[in-house]
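Engineer: Heads up: the sequence shown at position 39 corresponds to 1080 in our numbering, and the numbers run straight through without jumps.
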Amino acid sequence: MVFVKKIQLSQETFPVNNYDDEVPLTFYCNDKGEKHQVILSLKKSISLYEEVIVERNITYEELAKIGIDKIENLEKEDRKHEYRYIKTFSSTCNKEFIVIFNFKEYGGYYSCRVFGVVEIV
1042 MVFVKKIQLS QETFPVNNYD DEVPLTFYCN DKGEKHQVIL SLKKSISLYE EVIVERNITY
1102 EELAKIGIDK IENLEKEDRK HEYRYIKTFS STCNKEFIVI FNFKEYGGYY SCRVFGVVEI
1162 V
């Protein structure tokens, strides 16, 4: 998996009611103003840890270099299953992306945080 670039997002945090919620995320998939939407869900996502450590398709260094999170956060043992991802293909833009995100609970409130949308080849 080769990263092309991290996509800028207008919103990175979304309120949710619980861990079973789905979050629609829309982003510009090219410089022509065309949009792509993906539904973020813990049920449909994969642990990034599996891709990084088990499959070795990505490294934490690569993720830190493109700004997903700091290397020390990515490598923390207690956060290894916190990062989830979904692959998505935009037929409009003819590009493939991964969306790295998580759902967290803070004092009885839930939120979905998007760490990044990355174009891949």
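Cβ atoms here follow ideal geometry from the backbone N, Cα and C, with glycine treated the same way. No experiment lies behind these values; they were computed from the predicted model shown.
Identify every residue that forms a DSSP beta bridge with Q1078.
Structural biologist: One-based indexing of the sequence shown puts residue 1078 at position 37. T1067, per the DSSP bridge assignment.
Engineer: If you draw a straight line from the alpha carbon of K1046 to that of V1159, how long is it in whole angstroms?
Structural biologist: The sequence position of residue 1046 within the sequence shown is 5, counting from 1. The sequence position of residue 1159 within the sequence shown is 118, counting from 1. Going from the Cα of K1046 to the Cα of V1159 covers about 6 Å.
Engineer: Could you name the residues of the same chain whose beta carbon sits closer than 6 Å to that of L1066, not counting the 5 residues immediately before and after it, in chain order?
Structural biologist: Counting from one through the sequence shown, the residue named residue 1066 turns up at place 25. Counting only Cβ-Cβ distances below 6 Å, and skipping sequence neighbours, we find V1079, L1081.
Engineer: Would you kindly work out how many angstroms separate the C-alpha atoms of G1074 and I1139, rounded to a whole number?
Structural biologist: Translated into positions along the sequence shown, residue 1074 becomes position 33. Translated into positions along the sequence shown, residue 1139 becomes position 98. Distance between the alpha carbons of G1074 and I1139 is about 19 Å.
Engineer: Tell me whether E1160 sits in a helix, a strand or coil according to DSSP, three-state version.
Structural biologist: In the sequence shown, residue 1160 corresponds to position 119, counting from 1. The answer is strand: DSSP assigns E1160 an E or B state.
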